[in-house]
Structures are given as C-alpha cells and as structure tokens.
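Going line by line, the protein sequences match chains A and B. At position 36 of the first sequence (counting the first as 1) the number is 36 in the numbering used here, and the numbers step up by one without a gap. At position 61 of the second sequence (counting the first as 1) the number is 1061 in the numbering used here, and the numbers step up by one without a gap. Accompanying notes for the structure given below.
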Amino acid sequence: MKKLLVSAVALAMLAGCSSGGAASTANTSGGTAGKSVTIATDTDILSMNSSTSTDGTSFIALTMCEAGLTQLDEKNVPVSDLAESWDVSSDGLEYTFHIRKDAKWSDGTALTANDFVYAWNRLIDPETASDYAFLIDKNAESNTTNIKDWTAEDDQTFKVTLSKPCDFFLSLCAFPSLFPLNEKFVEEQGDQYALTTDNMLYCGPYTLTEWTPSTSWKFVKNDQYWDAASYAENVDEANWILVQGQSAILDYQAGNIDYVKLTSEVIDDYAGKEDVVTSLTGYSWYLSLNFHNEALANNNIRKAIAYAINTDELCTSVLKDGSTPLEGIVTKSTTANADGKDFRSISGTVVPGYDEAKAKEAFEAGCKELGVDSVTLEVLYEDADVSKNCAAYVMNALEKAGFTTEAKCEPKKSRLQDMQNDNYDVALHRWGPDYADPQTYMDLFVTGASNNYGHYESEKYDSLIEKALTTDATDSTKRWEDFAEAEKVLVNEDTAIIPLYQAGNTALQNTKLTGIQYHGAGVDSYRHMKLAA
Amino acid sequence: MKKYIGKRLLISLATLLVILLVLFVMMDLMPGSPFNDEKLTEAQKALLYAKYGLDQPFLTRFITYLKNMLTGDFGVSYAINKDFSVSSMISSRLWISVKLGFMAMIIGTILGLILGILAALNHNTWIDTLCSTISVVGVSVPSYVFALLLCYFIAYKLGLFPILYNAAQQGKSLVLPAIALSFSPTANIARFTRSEMLDVLNSDYILLVKSKGLKDYKVILKHAMRNSLIPIVTIMGPILVGLLTGSSVVEKVFGIPGLGTLLITAIQSNDYNVTIACAFVYSLMYIVAIFVVDVLYGVIDPRIRVAKEGGK
C-alpha cells in the first residue's frame, strides 16, 4: 500500500513538473513587447452573436472584429465604415447607403447589401428574441428609429426608409446589433454560430483568433478589412484577459498588462501618477422611487430625498473613480446634436441640489401632509461593491434628513425582478444609453413604459415627449428643447427620480498606449490602439 | 467486501438523485430569472422560456434534465456564455480545479506528514512547539492572505512565477496558488499526524518492538507510521474535496478560470443549468470521496474488512 501511495505521489509530481517544463518553452514574451497589448477586464464575453449580444465587453469585442455601415470617431460623430457614403433625402426619411466594393468577409467573399438585410431581419425575428430588436422592429407598433423598411437595391446599395426623421440614425448604424451577417455562413453554422472562433466570419479590422471563455481572447489584424492599409501602424495583437483586483494591478506594474481598471479602494494610492487615466461612461445612476408607496407619492417627501443627498461628496469621497454628479437624468458628453452641442449644455443643471436645511423642511412638510411622524423606506441595491458603498452613503444621508431606512441587497437580476414586481420603495438603479440622443433616457419615464418601474405618471411630461417625437420630430432644436423641458419636470418639479452620478472609470494605462476611444453612448472603441516604441 | 461496496454504491447513487432533486427545487424557488433583462418585452421572454423548455411543469423539466444528464448533456448556458454547452464549460474548468486541488493536496500531505512526525518524535521540545505554531497559523489564516503574500513577494518582487494564471504556462501558473491552498491541509494533517503518532508511540506494541531491539527508524517507519496513517487517510478525502470546492477565493486572486468562480457567477446571473451542474459536480466529488475513503478503510486496515465480512 505504502509503495502504491509513494508511486502515485511521484507520478503526480512528475506530471506537474513536465507540464511546467513544456509550458516554459512556450512562454511568450511579455504583453508590452512588440506590437501587442494586453487589456485586463473584469467581465467576460457573454456572446459574440451580434443579434443577441447585450453586454459591454461583448460589444467591444464585436467592434474589434466586425464593422457596421458607420463607425464613431473620437468626437462621437458617425463616419464611413462599410458604407463608403450615403445619401439622405431632404425630408430625412430615406437613407441610401453605398456599400464599399472592396468590403469583404475574412474568408474573402464579398460583403453585400444583402448581408445587412439578413442581419436586420434576423435581429427583429421574434425567434431571435433580441434585447435590441426594439431599435428597428418595423413590425412592432413603434420602434426607436421610426424605421419602416430596408431593402438591398443591388449588391452595393442598401436603402432604408423611415416614417419619421431620426436624428441619431447614422450613429446607431455603428452599433453592433446592426452589424451585417453573412447569410450563407450563419445558416450553415446553425445554433453553433459564434460559439467558437471557427464558427465566425469577420468584417472588421481584426479577427478573433483565440477565445477561451472566462479566461482570455485575442485579436490579430484582418488583412481582408477594406481599410487594412491605414491600420498598418496599429497594434498587431490585442489580448484581453479576465482578471480583477490587486493581482491584476500587480501584473500591470510588472509590465505584463497595458490597461487595468482601478477600484475605489486603491485609487488613492495612485493619485497623481502619470499613467492614471479617467473617463466618463454614459451610465446614469439614479434612485428610482416607487409611487405606489404612500409616502413616496408625496412630492415633499421625494424633494426631501433629493435635497438630502450630497452627490458631490458621494463622487469625491465615496466612489472616487472619476464618477461625476448628474445634473439631470441625461449624462454629459454622451449626446451631440447636428452642431456638435452636448444636450447638457442646452438643458443646464436641473437637479434640486444638496441642501440639508431644505431636506429637513421638506421632510417635515411631507410628514405633516401625510399625517405621520416617521417615514421608513427600504433601499434596494445590488451586491456590487460600488452599489453597496453608494447605498450606504444614501441611507446615511436619508437618516440625517429624518427618514428611517432599511437595506435590501440582492444580486442584480433579483433586484430587477423586485422592481418589475413592484416590490420596492427606493432602488439604486442605472441606465446606459443605447444611442446618442436624450430620448434613450427620456423614454423610460413615460406613463406605462415597461422600464418605468416607479409608475410615475405625468400628463405634462408625456405630452412634452409626445411633442418631441411628433410635431417637433423634424426640428432638432425644438425637439431637444422639449426634452430639456421634460427633464426639468421629471427631475425638478416632480422629483420623480433622484439622479445621483454619471459613472466614471479610472484605470492604469501604459503611457505608450494610445487610441482607446470612449463613447458615452455606443461602444468604446479599441480598434485604433497604437503602441509607441 | 463486494456486497459492502455494492451497498455503498447504491446509497451513493440514491444520495445523488436526492441532491439533484433538491437542487432543482431550490433553483425553482430562487427569485429572478435568467431572462430578467430590462430591454426584453414580455413576448420575447415568453419565447425564450419556451425555447429553453422553462415553460414546462416542474416534473417534466426534472425528468427531461435527468434523461439528458445521463447522456452527459447538462443543457446550455442562458446567461454566462449564451448557448454554450454546460458540459464543455464545466469540463475545461473542472480539469484546472482538479489539477490545482491535487497539487495543493500533495504539497500539503508531504509537508503535513513531515511536520507531524517531527513534532511527535520531538515531543515537548522546541521543534514540537515550532511545528505546532506553524500548524496553528496554517489553520487560522485564510488562504487568500497567503495567496496575496505569495503573489506580492514571490511573483511580483522576485518574479519567479507568473502573477496571473496563463494558459500557455499552466504548470508554472498553478504553483503559487497550490502553495497558497496547501497551508490549510498541511496544518490539518500535521496536527492529526502528531496526535496519532503520539498515541501509537505510547502504545504497548511499540514498547514491545523496541524491547525486541529493533532499530529506531524501523520502529517508526514499519510500525508507528503505518498504524498512524490509517486515520489520516480518512481525513484526506474530505480535505481534498474541501480543496476542490473551496478554492474560489484563491482562484480569484490568481485569475484562474476554475469551477468555483463559475458557480458564483452562475448563481448571480440565475443561470440555472450552470448552477445545477456545478453544484452537482461538487456533490459528486464529496460522495465519491466518502465512498473511496470507506473502501480504503477496508483495504488499509484488515480488521475493518474482516469485521465487515464477518458481520454479513
């Protein structure tokens, strides 16, 4: 028996050594050597299937290796990608895209207008059950872009007709859900499509060559891409690895990683360092208030909450990750009109703002109106660190204003379920923009909207949104004025929601690495990364 | 012996079935759903439920699942890696977790035995105190502390091993995590070995062999160690399974794509199939470990085997 045990141990050790030995010969050079970059991410690719993909990491991967009619430049302006040019009719209802003759799939087959027709049809097919079908679902009662139909006039001409003009249509064409798909290839793959690198075809500047789910994935240049020549200076290899926490930062310091996010706890340690970069996301974090709660149906009570929270302090002392206080529900640097103006510069600051005295006053007035001495609110939030910290701060602020609070922490999916089931008082909730227009936020609070969890109902608000989408639809300036007015009603007059902060991102980035573009709405672009020698 | 093993096997299978049923019930009671997505309409959600057969009654789903499982089909993931087969997701990670667990176990067993025997042989001297101190530290300090220390000093400062898991140098990448994980088994085995050894060394039969003039090392190797090993084998099974199932924190520190991390992500995203499959694999490990230990008992200690056979 003893012999058996000893030999088993010896065998196992041998196995361990041999795999170690073999691996060390295969040891590749560090991440920063040559023209290869390594990016640490804390979330996995959920799906590389552009019809059903929904999350940021997958979208970033898709924009690396696939392409759309347009792409966003660093100022969020849509510029040519697979479509060489486009004509828009004077009434803004007809878009004719001219697909590049040299647009090709990675297997060398030509990319044609039919690839867009197929992809768009697939997106809205009920069987696909895509999260983003609502963008262009021409069969539904209404859709975000007011799209009526699309056809392939010939291989190079893709024609789209709208029922009403859509200001942000061209920038939406850069969104992964609207990327083309090669019908023959996708049908051949069936339900295996996009599950491995072999089950995919690429039409973007890179191809996905290695992909181990929940570990790492790697892109190399696609020489079939129409613009491959201008990518000559860009990195040859882009690696993503799924890691987080202090060990990822250590590996950055050891020179093996070129980009890693910093979490709130460690940000102070890196203050002032030259390789710290901050950026703003388009995520709007706010308190959703349930109007079915008797106390929260009272505007003074809601005002008390708004006045009680010091969002400046929340961002600078609690979150510390580059997040910035929200001025309304629409985030800044996310939306741009035809003149390149930001919606926030038009609407200004509409949140009531922090005022401790006013908070107490409003609380007392509210209690009086309700005929109660105390108000107990349950604060619902998800179990991510940032949310926990934020919720703790909010609850403390509410207690100071006179409220009694109870905490309810759940995984995100359960939190959403509770909100959908009307089973909450106050919830820490977020919204990420789907396109570069205030409408992506404003649609949420219309009476009866599926994401209007708090059951806010306001005729004034509804009519302003209605006006923006109908009578003022063709006038960009008036349309935005309507939205600005509506935002004021929502956030200030009715205090229907309490905007807290626009989420920021602080990261360590190799000083030699350039070309990462952040798009508040739409997908951050990593396809232009360059590495200085 | 055969009858004994057969009986144990049947009990193990029955236990597994009950576990599966309990898992299924618990999943059913869990709040939320994998398709709880703000952007999906009710009609779309209904379609997804139908597509994955989640609209069927509980028993139908359970029986279908059971049938598929017997053919090695654990279904597909709904949320973590959409439409990926769960069996392939698990098998790739299971292998890494098993490798890591065994490496930690081997290191832990060898160090633990050495420490334990040293302590027992040098009872009440400074060596004993030193070994006991190491054991107490090993038991009481959580493994992720060791993980971070190793990460910082050995990997970052000295650069001897990779900081993060790297599939291209798997063996090398797993050394530090295995060492970090091995502290607790080392400590447990050392303490156990020490007390067992002391018991055996003080027993009459050791006195007998000593009085017969046998050399010291022979007494220890042939008589003392062999007898004190028996109880240690019994704790090795649970320790190994503990290593396999409890490595998620260390996995996180080193960025290892193991089974532990998968289970946690699966629970958080309501990915039913993945959660059930992970939990099932863990249960399977425990049951197999207990089964093996039961059988090993019989192999190592003839008295047990004889007693069992005699008592049939």
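Quick reminder that beta carbons are idealized off the backbone N, C-alpha and C, glycines included. If you're wondering where the values come from, they're calculated on a predicted model, not measured in any experiment.
message: Residues of chain A with CB closer than 9 angstroms to the CB of Val1253/B, please, in chain order.
response: Gly245, Gln246, Ser247
message: With a threshold of 9 angstroms between beta-carbons, can Asp1028/B be considered close to chain A, or not?
response: no
message: Between Lys1039/B and chain A, is the shortest Cβ-Cβ distance under 9 angstroms, so that the two count as touching?
response: yes
field: Ser333/A versus Glu487/A - alpha carbon distance
entry: 17 angstroms
- prompt: Assuming Ser1012/B and Ile1287/B make a contact with CB atoms under 8 angstroms, what is their CB distance in whole Å?
  reply: 5 angstroms
message: On the DSSP letters alone, give me the boundaries of the alpha helix (DSSP H) that Ala496/A sits inside.
response: Looking at the DSSP string, Ala496/A is not in any alpha helix (DSSP H), and its letter there is neither H nor E.
message: Looking only at its chain, what residues have a beta carbon closer than 6 angstroms to the beta carbon of Ser1283/B, apart from the 5 residues adjacent to it on each side?
response: Ile1019
Run of the beta strand (DSSP E) containing Leu1121/B, from where it starts to where it stops: It is not in any beta strand (DSSP E) - Leu1121/B instead sits in the alpha helix (DSSP H) that spans 1086-1121.
Beta carbon of Leu1259/B nearer than 9 angstroms to that of Cys1278/B: yes
task: Go through the segment 202-256 of chain A residue by residue and report every complete run of the alpha helix (DSSP H) that reaches 4 residues or more, in order.
output: 246-253
message: Given a cut-off of 9 angstroms on the beta-carbon distance, is the pair Cys173/A and Thr144/A in contact?
response: no
- prompt: At a Cβ threshold of 9 angstroms, is Asp462/A touching chain B?
  reply: no
field: The alpha helix (DSSP H) enclosing Lys1215/B, as first and last residue numbers
entry: Segment: none, Lys1215/B is in no alpha helix (DSSP H) and carries neither H nor E.
query: By Cβ distance below 8 angstroms, which residues in the same chain neighbour Leu370/A in space, the five residues on each side in sequence not counted?
result: Glu294, Ala295, Asn298, Ile301
query: Does any CB atom of chain B fall closer than 9 angstroms to the CB of Phe134/A?
result: yes
query: Leu319/A and Val379/A: beta carbons closer than 9 angstroms?
result: no
- prompt: So who's on the other strand from Asp284/A, going by DSSP bridges?
  reply: According to the sequence provided, residue 284/A is Ser. The question's Asp does not apply to it. Answer is Trp431/A, Gln502/A.
field: Selection from Val372/A, Asp227/A, Ser247/A that minimises the alpha carbon distance to Ser106/A
entry: Asp227/A
query: Any beta-carbon of chain A closer than 9 angstroms to the one on Asp1083/B?
result: yes
query: Excluding the five sequence neighbours on either side, which residues of its own chain have a C-beta within less than 7 angstroms of the C-beta of Lys360/A, listed in chain order?
result: Ala401, Gly402
Buried versus exposed call for Pro1057/B [16 or more other C-beta atoms within 10 Å across all chains shown]: exposed
task: Please state whether DSSP places Asn279/A in a helix, a strand or coil.
output: The question names Asn, but residue 279/A in the sequence shown is Ser. Three-state result, Ser279/A: strand.
- prompt: Once you ignore the five residues that flank Leu1023/B on each side, which residues in its own chain have a CB closer than 7 angstroms to its CB?
  reply: Ile1276, Ala1279, Phe1280
- prompt: Thr70/A lies in the alpha helix (DSSP H); which residues open and close that run?
  reply: Unbroken run through Thr70/A is the beta strand (DSSP E), 70-72; no alpha helix (DSSP H).
- prompt: In chain order, what residues of the same chain lie with their CB nearer than 8 angstroms to the CB of Tyr132/A, ignoring the 5 residues before and after it?
  reply: Thr54, Leu123, Phe175, Ser177, Asp434
message: What does the alpha-carbon distance come out to for the pair Glu74/A and Gln517/A?
response: 6 angstroms
query: So which residues on chain A does Cys1151/B lean against when the C-beta distance must stay under 7 angstroms?
result: Ser247, Leu250
Distance, Ala232/A Cα to Cys203/A Cα: 17 angstroms
message: Closest to Val1250/B by C-alpha separation, out of Ala119/A, Gly255/A, Tyr252/A, Gln244/A, would be which residue?
response: Gln244/A
field: Same chain, Cβ closer than 6 angstroms to Glu576/A, neighbours up to 5 away in sequence not counted
entry: Because chain A here runs from 1 to 533, residue 576/A falls outside it and cannot be looked at.
message: Only counting the same chain, and skipping five residues up and downstream in sequence, which positions put a Cβ closer than 6 angstroms to that of Phe363/A?
response: Ala304, Ala401, Gly402
query: To which residues does DSSP link Cys367/A through a beta bridge?
result: DSSP lists no partner for Cys367/A.
task: For Leu1070/B, count neighbouring C-beta atoms within 10 Å of its own C-beta (all shown protein chains included) and say buried if the count is 16 or more, exposed if not.
output: exposed
Chain-ordered chain A contacts of Leu1048/B [CB-CB under 9 angstroms]: Ala129
message: Tell me which residues share the same chain as Val1390/B and place their Cβ nearer than 8 angstroms to its Cβ, disregarding the 5 neighbours each side in the sequence.
response: No statement about residue 1390/B is possible, as the shown extent of chain B runs from 1001 to 1312 and does not include it.
- prompt: Going straight from the alpha carbon of Gly1179/B to that of Met1027/B, what length do you get?
  reply: What sits at residue 1179/B in the sequence shown is Ile, not Gly. Answer to the nearest angstrom: the Cα atoms are 35 angstroms apart.
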